[in-house]
Amino acid sequence: MTIAGKQQQIIERFSTMGDWLDRYQYLIDLGKHHDGLRDEYKNEEYQLEGCQSQVWIRGQRHNGVLHVEADSDSMITRGILALLLESINDTPPSDIADADFSFLQTIGLSTNLSPSRANGLALMVRRLKRLGEENKAVRG
Amino acid sequence: MVDTQAVRAEFPILQRSVYNRPLVYLDNAATTQKPRAVLDRLSAFYCKSNSNIHRGAHFLGDEASGAYESARETVRRFVNANHTHEIIFTHGTTDSLNLAADAFGGWFISPGDEVLVTEMEHHSNLVPWQMLCKKKDAVLKVLPFADNGTLQMERIESALSSKTRLLAVSHVSNVLGTVNPIKLITRLAHERGIPVVVDGAQAIQHIPVDVQDLGCDFYAFSGHKTYAATGIGVLYGKENWLNEMPPYQYGGGMISSVHFGQTSFTETPFKFEAGTPNIAGAVSLEAALEFLERIGIQDIAGHERDLLDYAHARLQEIEGLRVYGQGADRSGVVSFNLEGISPYDTSLILDKMGIAVRSGTHCAEPLMQHYRLSGTIRASFAVYNTREEVDRLVEGVEKAKMMLV
């Protein structure tokens, strides 16, 4: 399925949810079941600077697609990372580089994705797109 | 006694709902909300008196200059400074402390000197001194605090060495709420001829501040944390220092004569206020301080202490919750964490319940390192907060715990 198709599925899932606390509960549960990242990769190389919680993102190209692993010390952020990865993982790097992430606004997770001092979500999206960009020309 | 309901009615923003719930605003240490008196004064200034000050000889210029200087006199009265010219208007506490570090520290500190700060300082009262020490080849020394959040006063006498030239300390910790014994610290420092700079950003709006009684040499605070507009702050400095130290920035309004070969500067406080100052901000600060005087700072201190003690007691009923800062003398803020739960998650859930708190390091990373923390949740109080709001905070924290564990 395409990234846009997967995002549409997520939008539909969120449309059946009640208030904000229900959505957060869903994200927390996603976070709890999310595989995360092995401790050895939770270092400066993979850490995102400028988020309110600690976030690590690591991507590797394999068989023409990009596989991304990500983790956070915040359970809600882990849930958001799980959603982001669900939408993009194991697709060609160029698709990720070109992907539109406005579904985050549609499901209400972000009122704006413009980079600002404390907009961790925008930073995560930027990192994912950059990983896509960097891995376009990588063999594997 | 503070009539909280009457006070609340003076703050239009407190009528707001967020996420369909009545707003509980407990992020007052970041910035307080503004009473009608401050908003009206700002509006009146721009509607009726706006003009640049100390320049043009015209009616509005005189009126605006009068309003600005009246604000200075109100600040003097509020902190009980000796002279009105000991009050310098700045952009905020950070600006005030940078002024002190740059103009006073830059002039006063020599290579090999020591500058003593404490382990609980906000970055604003730490980094300017750190940079000064680097520039001057001086040494930054740190007075530690104990795990209960109080300064290790038994170590201060040995920390004040023969090389110590300056001491910088916060009046109230922005994370722990600890009220530091400034009068005692200043006496100990002065016995050794060491001037004292105090960061009063978290004190001025909560407890009575009398700079003559405290005896400190400099005292910094922000307007926006004390019910005034953003972008205005104060640095109080003792007359003898202000007369001797050089200006901070250069430009209009602070010179007495300029020639290409030589410029001479005007007197304090004007020599520290280069360029057009935040006139409207100063006027709003006057209104804010008059508001505090009308309610009474002693009554405010009592009301907020009651809220803080109530919050400490109620929060500590929650299993797995740890409160940081258990000193006897506290003010304004309470910091805590739920065991095994990121403070950021708790604050996100509280937000969606209409409760505004702050999570993170609160610009005090060395303090976080003391407790080996990545952050805390901080609830901070103002005159308009109520016990019912503390109850909603506790309810919210319990809900967050239930969702996250």
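Line order of the protein sequences matches chains A and B. Residues 1058 to 1197 (the working numbering) make up the first sequence, in order. Residues 9 to 413 (the working numbering) make up the second sequence, in order. All C-beta atoms in this analysis are idealised placements derived from N, C-alpha and C, irrespective of residue type, glycine included.
Sheet register partners of Asp1128 of chain A (DSSP bridge): Against the first sequence, residue 1128 of chain A aligns to sequence position 71. BP columns for Asp1128 of chain A point to A:Trp1113.
For Ile357 of chain B, decide whether its Cβ has a neighbour in chain A, counting only Cβ atoms nearer than 7 angstroms. To locate residue 357 of chain B, count along the second sequence from 1; it is residue 349. Yes, Ile357 of chain B lies at the interface with chain A (some Cβ there is under 7 angstroms from its Cβ).
Quick one: which chain A residues come within Cβ less than 8 angstroms of Leu412 of chain B? Position 404 of the second sequence, counted from the start, is the residue given in the question as residue 412 of chain B. Chain A residues near Leu412 of chain B: Ile1085 and Met1132.
Restricting to Cα atoms, I'd like to know which of B:Ala408, B:Val398 and B:Met376 is closest to Val32 of chain B. Taking the second sequence and counting its residues from 1, one reaches residue 32 of chain B at position 24. Nearest of B:Ala408, B:Val398 and B:Met376 to Val32 of chain B, Cα basis: B:Val398.
Take Gly1116 of chain A as the anchor and find which of A:Ser1110, A:Ser1131 and A:His1124 has the nearest alpha-carbon. Taking the first sequence and counting its residues from 1, one reaches residue 1116 of chain A at position 59. Of the candidates A:Ser1110, A:Ser1131 and A:His1124, the one whose C-alpha sits nearest the C-alpha of Gly1116 of chain A is A:His1124.
Mind checking the region 1069-1082 of chain A against chain B and listing, in chain order, the residues whose C-beta falls within less than 9 angstroms of any C-beta there? Asp1076, Trp1077, Leu1078, Arg1080, Tyr1081 and Gln1082
How is the beta strand (DSSP E) around Phe299 of chain B delimited, first residue to last? The residue given as residue 299 of chain B occupies position 291 in the second sequence. No beta strand (DSSP E) holds Phe299 of chain B; the alpha helix (DSSP H) holding it covers Ile287 to Ile303.
For Lys144 of chain B, return the contacting residues in chain A, with the cut-off set at a CB-CB distance below 9 angstroms. Locating residue 144 of chain B in the second sequence gives position 136, where the first residue counts as 1. Residues of chain A passing the Cβ test: none, with the nearest at roughly 30 angstroms.
Who are the neighbours of Asp35 of chain B on chain A, taking C-beta pairs under 7 angstroms? Reading the second sequence from its first residue, position 27 is the one you call residue 35 of chain B. Ordered by position in chain A, no residue passes the 7 angstroms Cβ test against Asp35 of chain B, which lies about 13 angstroms from the chain.
Which of the three DSSP states is assigned to Ser367 of chain B in this structure? For the purposes of this step, residue 367 of chain B is taken as the residue at position 359 of the second sequence. Strand.
For the alpha helix (DSSP H) that contains Leu1084 of chain A, what are its first and last residues? Numbered from its first residue, the first sequence carries residue 1084 of chain A at position 27. Taken as a continuous stretch (DSSP letters only), the alpha helix (DSSP H) holding Leu1084 of chain A covers Trp1077 to His1090.
Could you check whether the region 230-242 of chain B touches the region 87-103 of chain B, counting it as contact only if at least three pairs of C-beta atoms, one from each stretch, sit closer than 8 angstroms? yes
How about Val123 of chain B and Leu174 of chain B: are their beta carbons less than 7 angstroms apart? If you number the second sequence from 1, residue 123 of chain B lands on position 115. If you number the second sequence from 1, residue 174 of chain B lands on position 166. Yes, these two residues count as a Cβ contact at 7 angstroms.
Best match in B:Ala288, B:Ser230, B:Ile164 and B:Thr194 for proximity to His214 of chain B [C-alpha to C-alpha]: As a position in the second sequence, residue 214 of chain B is number 206, starting the count at 1. Of the listed residues, the one whose Cα sits closest to His214 of chain B is B:Ser230.
N- and C-terminal bounds of the alpha helix (DSSP H) containing Glu398 of chain B: Translated into positions along the second sequence, residue 398 of chain B becomes position 390. With the sequence shown as reference, residue 398 of chain B is identified as Val, and Glu is not the correct amino acid for it. That run of the alpha helix (DSSP H) goes Arg395 to Leu412.
Can you tell me the Cβ-Cβ gap for Lys186 of chain B and Leu222 of chain B, rounded? I've got them flagged as a contact below 8 angstroms. For the purposes of this step, residue 186 of chain B is identified with residue 178 of the second sequence, where counting begins at 1. For the purposes of this step, residue 222 of chain B is identified with residue 214 of the second sequence, where counting begins at 1. Note on residue identity: the sequence assigns Thr, not Lys, to residue 186 of chain B. Contact check for Thr186 of chain B and Leu222 of chain B: beta-carbon distance about 16 angstroms, past the 8 angstroms limit, so the pair fails to qualify.
How would you list, in chain order, the residues of chain B whose beta-carbon sits under 7 angstroms from the beta-carbon of Thr1110 of chain A? Position 53 of the first sequence, counted from the start, is the residue given in the question as residue 1110 of chain A. Before going on, a small fix: residue 1110 of chain A reads as Ser here, not Thr. Under a criterion of Cβ atoms nearer than 7 angstroms, the residues of chain B adjacent to Ser1110 of chain A are, in order, Ser350 and Tyr352.
Alpha carbon to alpha carbon, how far is Ala237 of chain B from Phe1158 of chain A? Give it in angstroms, no decimals. Here residue 1158 of chain A corresponds to residue number 101 of the first sequence, with the count starting at 1. Here residue 237 of chain B corresponds to residue number 229 of the second sequence, with the count starting at 1. Each residue's Cα considered, the two are about 37 angstroms apart.
At which residues does the beta strand (DSSP E) containing Ser382 of chain B begin and terminate? Counted from its first residue, the second sequence places residue 382 of chain B at position 374. No beta strand (DSSP E) contains Ser382 of chain B, which DSSP labels as neither H nor E.
For the beta strand (DSSP E) containing Ile263 of chain B, list its first residue and its last residue. Within the second sequence, numbered from 1, the residue matching residue 263 of chain B stands at position 255. Residues Ile263 to Val266.
Kindly say whether Lys409 of chain B, judged by its beta-carbon, lies nearer than 7 angstroms to any beta-carbon of chain A. Counted from its first residue, the second sequence places residue 409 of chain B at position 401. Chain A, which has no Cβ nearer than 7 angstroms to the Cβ of Lys409 of chain B, makes this no.
Could you compute how far the alpha carbon of Glu18 of chain B sits from the alpha carbon of Pro43 of chain B? Residue 18 of chain B sits at position 10 when you count from the first residue of the second sequence. Residue 43 of chain B sits at position 35 when you count from the first residue of the second sequence. Looking at the two C-alpha atoms, the distance is approximately 5 angstroms.
Is it the case that the Cβ atoms of Asp1128 of chain A and Leu1094 of chain A are separated by a distance below 7 angstroms? On the first sequence, residue 1128 of chain A is found 71 positions in, with the first residue counted as 1. On the first sequence, residue 1094 of chain A is found 37 positions in, with the first residue counted as 1. For the pair Asp1128 of chain A and Leu1094 of chain A, the CB atoms are nearer than the 7 angstroms cut-off.
By Cβ distance, which residues of its chain are closer than 6 angstroms to Thr376 of chain B, with the 5 residues on each side in sequence left out? As a first step, residue 376 of chain B must be located in the second sequence, where it is residue number 368. Correcting the residue identity first, residue 376 of chain B is Met in this sequence and not Thr. Cβ neighbours of Met376 of chain B beyond the five flanking positions: Thr369.
Same chain, Cβ closer than 8 angstroms to Ile326 of chain B, five either side skipped, listed in chain order: Here residue 326 of chain B corresponds to residue number 318 of the second sequence, with the count starting at 1. Once the five neighbours on either side are set aside, the close Cβ partners of Ile326 of chain B are Leu346, Val402, Val405, Glu406 and Lys409.
Counting only beta-carbon atoms, is Gly368 of chain B nearer than 7 angstroms to chain A? Counted from its first residue, the second sequence places residue 368 of chain B at position 360. Yes, contact with chain A.
On a CA-only basis, which of B:His267, B:Gly269, B:Val205 and B:Gly283 is nearest Gly261 of chain B? Give me that one, please. One-based indexing of the second sequence puts residue 261 of chain B at position 253. Comparing Cα-Cα distances from Gly261 of chain B to each of B:His267, B:Gly269, B:Val205 and B:Gly283, the minimum goes to B:Gly283.
Reference Arg366 of chain B; option with closest CA among B:Pro374, B:Asp353 and B:His378: Sequence index remark: in the second sequence, residue 366 of chain B carries index 358 (1-based). Closest by alpha carbon: B:Asp353.
For a minimum of 3 consecutive residues, which ranges assigned as the beta strand (DSSP E) are wholly contained in the region 141-213 of chain B? 147-151, 172-178 and 204-207
By alpha-carbon positions, which one of B:Ala37, B:Arg29 and B:Phe53 ends up nearest to Glu294 of chain B? Working through the second sequence from its first residue, we reach residue 294 of chain B at position 286. Answer by Cα proximity: B:Phe53.
Return yes when the Cβ of Val391 of chain B is within less than 7 angstroms of the Cβ of Ile287 of chain B, no when it is not. By one-based count along the second sequence, residue 287 of chain B stands at place 279. By one-based count along the second sequence, residue 391 of chain B stands at place 383. No; because the gap between Cβ atoms is not below 7 angstroms, this pair is not in contact.
First and last residue of the uninterrupted alpha helix (DSSP H) at Ser78 of chain B: Within the second sequence, residue 78 of chain B is the residue found at index 70, counting from 1. Residue range Phe67 to Val87 is occupied by the alpha helix (DSSP H) that includes Ser78 of chain B.
By alpha-carbon positions, which one of B:Thr234, B:Val204, B:Tyr235 and B:Gln210 ends up nearest to Gln220 of chain B? Numbered from 1 along the second sequence, position 212 holds the residue referred to as residue 220 of chain B. Of the candidates B:Thr234, B:Val204, B:Tyr235 and B:Gln210, the one whose C-alpha sits nearest the C-alpha of Gln220 of chain B is B:Val204.
Which one or two residues does DSSP pair with Ile96 of chain B in a beta bridge? As a position in the second sequence, residue 96 of chain B is number 88, starting the count at 1. Ile96 of chain B pairs with B:Leu243.
Using a Cβ-Cβ distance cut-off of 7 angstroms, determine whether Lys171 of chain B contacts chain A. If you number the second sequence from 1, residue 171 of chain B lands on position 163. So, not an interface residue.
With a threshold of 7 angstroms between beta-carbons, can Lys56 of chain B be considered close to chain A, or not? Here residue 56 of chain B is taken as the residue at index 48 of the second sequence, counted from 1. No, no contact with chain A.
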